[in-house]
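First the structure, in the form of structure tokens, and then the observations on it.
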Amino acid sequence: MSSVPKKATEGLEPLLNKYDVYGPRYTSYPTALQFNEAFTEEDYIKQAQASNQHLVPKPLSLYIHIPFCKSLCYYCGCNKIVTHKSEAADSYLDYLFQETQLQGQHFADDRLVQQIHFGGGTPTYLAASQLREIMEVIAQNFHLGLPDTLELGIEIDPRSVTLESLTDLLNMGFNRISIGVQDFDPDVQQAINRIQSYESIKDIMDTARAKNVNSISLDIIYGLPKQTRKSFDDTLDQVIALRPDRIALYNYAHMPQRIPSQRLIHTSDLPGADEKMRIFLDSIDRLTAAGYVYIGMDHFALPDDSLATSLSDGGLQRNFQGYSTHAECDVIGLGVSAISRINESYSQNIGVLSGYKGMVDHGNLPIQKGLNLSADDTVRAGLIQELMCSGLVIFSDFNERHDVFFHHYFKPELVKLGDLADDGLLEVTEISIKVTPKGRLFLRNIAMTFDAYFTQTDLQNTEEPRYSKTI
Amino acid sequence: MANQIASSRAPSFLKCSQCSLGNLCLPVGMNNQDMGELESIIDSTSPYNDDAPVYTAGQSFDKIFAVKSGMFKSVIVDSLGNDHITGFHLPGELFGLDAIHSEKYTSSAVSLGTSSLCAIEYKELEHLSHRLPSLQHQLMNLMSKEVRTSQSLNVDLTAEQKLAGFLVALSSRYKQRGYSETRFHLVMPRRDIANHLNMAPETVSRLFKRFANDGLLEINRTDLTIVNMQALKEMSGCLSVC
Chain P
1 MSSVPKKATE GLEPLLNKYD VYGPRYTSYP TALQFNEAFT EEDYIKQAQA SNQHLVPKPL
61 SLYIHIPFCK SLCYYCGCNK IVTHKSEAAD SYLDYLFQET QLQGQHFADD RLVQQIHFGG
121 GTPTYLAASQ LREIMEVIAQ NFHLGLPDTL ELGIEIDPRS VTLESLTDLL NMGFNRISIG
181 VQDFDPDVQQ AINRIQSYES IKDIMDTARA KNVNSISLDI IYGLPKQTRK SFDDTLDQVI
241 ALRPDRIALY NYAHMPQRIP SQRLIHTSDL PGADEKMRIF LDSIDRLTAA GYVYIGMDHF
301 ALPDDSLATS LSDGGLQRNF QGYSTHAECD VIGLGVSAIS RINESYSQNI GVLSGYKGMV
361 DHGNLPIQKG LNLSADDTVR AGLIQELMCS GLVIFSDFNE RHDVFFHHYF KPELVKLGDL
421 ADDGLLEVTE ISIKVTPKGR LFLRNIAMTF DAYFTQTDLQ NTEEPRYSKT I
Chain D
1 MANQIASSRA PSFLKCSQCS LGNLCLPVGM NNQDMGELES IIDSTSPYND DAPVYTAGQS
61 FDKIFAVKSG MFKSVIVDSL GNDHITGFHL PGELFGLDAI HSEKYTSSAV SLGTSSLCAI
121 EYKELEHLSH RLPSLQHQLM NLMSKEVRTS QSLNVDLTAE QKLAGFLVAL SSRYKQRGYS
181 ETRFHLVMPR RDIANHLNMA PETVSRLFKR FANDGLLEIN RTDLTIVNMQ ALKEMSGCLS
241 VC
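Protein sequence lines correspond, in order, to chains P and D. Residues in the first sequence are numbered consecutively from 1, following the numbering used here. Residues in the second sequence are numbered consecutively from 1, following the numbering used here.
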């Protein structure tokens, strides 16, 4: 009777080796690499106007980028400014408010905001009073959804909040927080220049739970310097003990030629490729054994969390912040480097603060680049979304939605899927493509098959990769 | 503006006898010889881009127009300068008829999307209709239809009834043109539908959402599928078409 339960990841190693290539993460399709400067404010406004004309217009989701950090985490590839000057934030907010006002003009009165997310940098670099001010400016320029349907999220750097400032923050109605843990091991924390205690994170979670925050997510990263299977196992013990609703397990992509701060990480401190893969496999085994559902890509959730329930009922979405449960929204990105997705377009704000201020000063939306999606982009984006979210594509439904004949439109891709199917990553039948549980670990590889911009060169280019590794 | 109407006599592709809209437009009930005479007074125009005007209110009246492809809207401006969309014109439908009495266009006609027209010199049409009873009959028919449509808009209806009626009527007009009566793309922007039905755009989206939730419609951006035609007809009170 006493059969040892099989590990979730048993027998995966050969596949991981085979499919560990450089590839996009598909938080958008086409990916940000395709954005170009031919896309202007005028294009954006046209798309916004078209989005207002939908018979039932989509709700809005706002992403607000706060680029400031008090200290530099060596691994981080985000757009950020390390400073201790509080005037920097005050001045930034002035521009952010102007941008919010400019944006608000382009959306009809029935475009309700259903989701507001603060990311960074370090959003908690700002005082609660400053965050409140941002919320007020949003409320003046947009129509907010009802409080019980409004999802209000913020990324928390545990080192930047006190229990008092956290309470102020939660009193504003934040109902979703994510906390950057990365790793609990002191040596690893030293090597990435981010030192924070288990207790500080536990205190934040306890306080948030007492305030009815209904979803807490912890971010952890594998592949960091000084990490070993043993050390990460201890980190996982602590993460599991904290029992967050969601866990994001990110892959550290070491690309020092692109991200200068990563040069402060000694390459010799990084776990080897084999060790790193084992850390990844251990993590999946540990988290699934602890009752977490693997959502796909980097995400895990408790079975009763909305991310897990929407995985099973087909409501899952993918956007710039990863997976989300929200019905399709148009996304407005505010602040430096923020990305918007409006109607059939993507656009990105300028990443340089002085440039951002200059454009806003002239009364322009600070858009640096973007893309109007072609008909083909839209079809492929829809397919990649289905593969990465529900993991099921029913050809007849897809044909109906996109007005194509799947077997004709994706003829060469269907042939290419053969190899993935042979490896048990997906099942292709007469009527559908279904991603297997094993295949969910290789969603990037599956999606790459349908990416019209992804080339063989990208697969082989290991010298100066445009993308991070898929595993 | 008016130079958009700059035109030439019908080339072969404009022949009524070869037009798929012949059973809806002016030539209904005509024999080949009569049709030839009608063709000789029809001018082609170059295609109109989105939002391009055909004529503007106050301009002196000389032509009536038949929609060949796409869609046009008629707009009147009130004394406060507000636009009111009095109608949307589908292929095979005539507009400009309201100017016959005043000899000035009383509304402006504007293209929705890229559309094309046949232009007909009214004086010539009038002369021809004296000689061709079939033409006169069809002209009367089309005018009568116009009168009925504008009457149905005058009835005091709830927003829900108005939108349902609008969709039922549109569905039936598409059906007459050989298109699907249950699935169509709404070319006119939501704000134009709202304006035409004298509602706030937000009311229109709220109603569409409710109709979708109630299983009457399926909506994808600006594409619409009527799922329960019967319910929609009942809701509309069947005032406009049934």
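The beta-carbon is built from N, C-alpha and C at its ideal position, and this holds for glycine as well.
* Asked: By the criterion of Cβ-Cβ separation under 8 angstroms, what are the contact partners of P:Q53 in chain D?
  -> P189, R190, R191, T222
* Own chain partners of P:F478 with C-beta closer than 8 angstroms, once the 5 adjacent residues on each side are dropped -> Lying outside 1 to 471, the shown extent of chain P, residue 478 of chain P is not represented and no answer is given.
* Are the C-beta of P:L373 and some C-beta of chain D separated by less than 9 angstroms? -> no
* Chain-order list of residues whose beta-carbon lies under 7 angstroms from that of P:D269 (same chain, five-residue window excluded) -> A191, P225, K226
* Asked: So which residues of chain P does D:E202 contact, with C-beta pairs closer than 8 angstroms?
  -> A108, D109, D110
* To do: Under 7 angstroms Cβ to Cβ from P:D245, same chain only, skipping five residues before and after it: list those, please.
  => S215, I216, S217, A301, L302, D305
* To do: Using a cut-off of 8 angstroms between C-beta atoms, extract the partners of D:K209 located in chain P.
  => V56
* Asked: Can you name the start and end residues of the alpha helix (DSSP H) that D:F166 belongs to?
  -> 159–176
* Asked: How many angstroms separate the CA atom of D:V227 from the CA atom of P:L55?
  -> 16 angstroms
* Who does D:F184 pair with in a DSSP beta bridge? -> D:L224
* Asked: Three-state secondary structure (DSSP) at P:I192?
  -> helix
* To do: Identify which residue in D:N82, D:F72, D:E103 has its Cα closest to the Cα of D:N198.
  => D:N82
* Helix, strand or coil for P:S51 per DSSP? -> helix
* Who are the Cβ neighbours of D:G29 in its own chain at under 7 angstroms, not counting the five residues just before and after it? -> S134, H137, Q138
* To do: Leaving out five residues on either side along the sequence, give the residues of the same chain with a beta carbon under 7 angstroms from the beta carbon of P:N163.
  => Reading the sequence as shown, one finds Leu at residue 163 of chain P and not Asn. Cβ within range, chain order: D203, T207.
* Can you find a C-beta in chain D that's less than 9 angstroms from the C-beta of P:R401? -> yes
* Nearest residue (CA-CA) to P:Y250, options P:G180, P:K58, P:E42 -> P:G180
* Indicate whether P:Q516 and P:Y63 have their beta-carbon atoms separated by less than 9 angstroms. => Shown here, chain P extends from 1 to 471; a query on residue 516 of chain P therefore has no answer.
* Taking all protein chains shown into account, decide if P:M172 is buried (16 or more other Cβ within 10 angstroms of its Cβ) or exposed. => exposed
* To do: List the residues of chain P whose Cβ lies closer than 7 angstroms to the Cβ of D:A212, in chain order.
  => V56
* Compare the C-beta of D:L197 against all C-beta atoms of chain P and say whether one is closer than 9 angstroms. => no
* To do: Please list, in chain order, all residues of the same chain as P:T167 whose beta carbon is under 8 angstroms from its beta carbon, the five residues on each side excluded.
  => T207, K211
* Asked: How about D:R177: is its C-beta nearer than 9 angstroms to some C-beta of chain P?
  -> no
* Asked: Using DSSP with H/G/I as helix, E/B as strand and the rest coil, what is P:V181?
  -> strand
* **Rounded distance between the beta-carbons of D:S115 and D:M71, thought under 8 angstroms** => 6 angstroms
* To do: Return the chain-ordered ranges of every beta strand (DSSP E) run that is complete within the stretch 92–134 of chain P and spans a minimum of 3 residues.
  => 112–120
* Asked: Taking 8 angstroms as the line, does the beta carbon of P:Q49 fall inside it for any heavy atom of the ligand ZN?
  -> Inclusion of the ligand ZN in the displayed structure is not the case, the ligand content being empty and no account of it being possible.
* Establish whether the CB of D:H137 and some CB of chain P are separated by less than 9 angstroms. => no
* Asked: Using 8 angstroms as the Cβ pair cut-off and three pairs as the minimum, do the stretch 77–93 of chain D and the stretch 37–48 of chain D touch?
  -> no
* Asked: Does the separation of the CB atoms of P:S390 and P:G439 fall below 9 angstroms?
  -> no
* CA-to-CA distance, D:L21 to D:G178, given in whole angstroms -> 10 angstroms
* Asked: Nearest-angstrom Cα distance between P:S374 and P:I116?
  -> 28 angstroms
* To do: Go through the stretch 77–142 of chain D residue by residue and report every complete run of the alpha helix (DSSP H) that reaches 4 residues or more, in order.
  => 122–131
* Asked: Near P:F442, what residues of its chain come up, given a Cβ to Cβ distance below 8 angstroms and the 5 sequence neighbours on each side ignored?
  -> L15, Y19, L420, L425, T470
* Asked: Per DSSP, what kind of secondary structure is P:L146 in: helix, strand or coil?
  -> coil
* For a contact meaning CB atoms closer than 8 angstroms, what does D:L186 contact in chain P? -> L55
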